[in-house]
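Worksheet: the structure to be examined is printed underneath.
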Amino acid sequence: LRLAVLVSGSGTNLQALLDAPAAPFEVVVVGADREDTGGVERARARGIPTFVCRVADHPDRAGWDAALARSLATHDVDLVVSAGFMKVLGPQVLAAHRVVNTHPALLPSFPGAHGVRDALAHGVRVTGCTCHWVDAGVDTGPVIDQRAVRVEDGDTVETLHERIKVQERAMLVEVLTRLASDRSWR
Ligand code: GRF
């Protein structure tokens, strides 16, 4: 299964895909919405093609959407994985690709860019992470899988997010392994 992975941050989810032993998927390109992300560095370290597609480099979101779709189109990708990508994908990308996103909360609770902070602030005792199909909304597509993570006393956003990411990385590898063998989603 040929994957494009979109990142905005440190890229530890991407790293989990790169390190997955005997995985039935292959990361063929990594895209970012900003320069100098950990994710792009991790791809370059493995000789994997990368591209950076910044919203600021385009007159509007439609121009950015078109450029992102063009970048993806040059790599013959089966599935796009958004792993910590902090932009809402546009209709041109979504028309051309199935996209899986991973979110560090139990959707539909705590969608958006601050899911860990919001769950902690709400005082939940259990949160977690969600893998879902991306639709036109923000963190709103059909759920594929979820994992629960307990909130510990004294947790900060950082300590909780790190604990969630341990589960998130394992969940992502498991989901992509399943999608590689059962391609009825195509
Ligand atoms: C992940 O928890 C992802 O769900 C969230 O941001 C984090 C990205 O982490 N949107 P990384 O860049 O994969 O380390």
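Note that full-length UniProt numbering numbers the sequence shown so that position 78 is 142, with each residue one more than the last. For every residue, glycine included, the Cβ atom is placed at its ideal position computed from N, Cα and C.
Test item, CB below 7 Å from any non-hydrogen atom of ligand 1: Val71, Ser72, Gly73, Ser74, Gly75, Thr76, Asn77, Leu78, Gly102, Gly103, Ala147, Gly148, Met150, Thr166, His167, Pro168, Cys193, His225, Ile228, Lys229 and Glu232
For aspartate 203, is the classification buried or exposed, using 16 other Cβ atoms within 10 angstroms of its Cβ as the cut-off for buried? Aspartate 203 is buried by the Cβ-count criterion.
How close, in whole Å, do the beta carbons of isoleucine 228 and glycine 192 come, if the pair is a contact with beta carbons under 8 Å? With 8 Å as the limit, isoleucine 228 and glycine 192 qualify as a contact, their Cβ atoms being about 7 Å apart.
Going by DSSP, name the residue or residues bridged to aspartate 156. For the record, residue 156 in the displayed sequence is glutamine; it is not aspartate. In DSSP, glutamine 156 forms no bridge with anything.
In chain order, what are the residue ranges of uninterrupted beta strand (DSSP E) at least 3 long that sit wholly in the region 167-234? 190-197 and 207-214
Report the rounded CA-to-CA distance for glutamine 156 versus valine 198, giving the unit in angstroms. Approximately 13 Å, taken between the alpha carbons.
Glycine 95, DSSP secondary structure in three states: strand
As a quick exercise: from Asp246, Arg247, His225 and Ala244, pick the residue whose alpha carbon is nearest that of threonine 76. His225
Using only CA atoms, which one of Ala96, Met235 and Val190 lies nearest to alanine 84? Met235
On the three-state DSSP scale, how would you describe valine 164? In the three-state DSSP reduction, valine 164 falls in the strand class (E or B).
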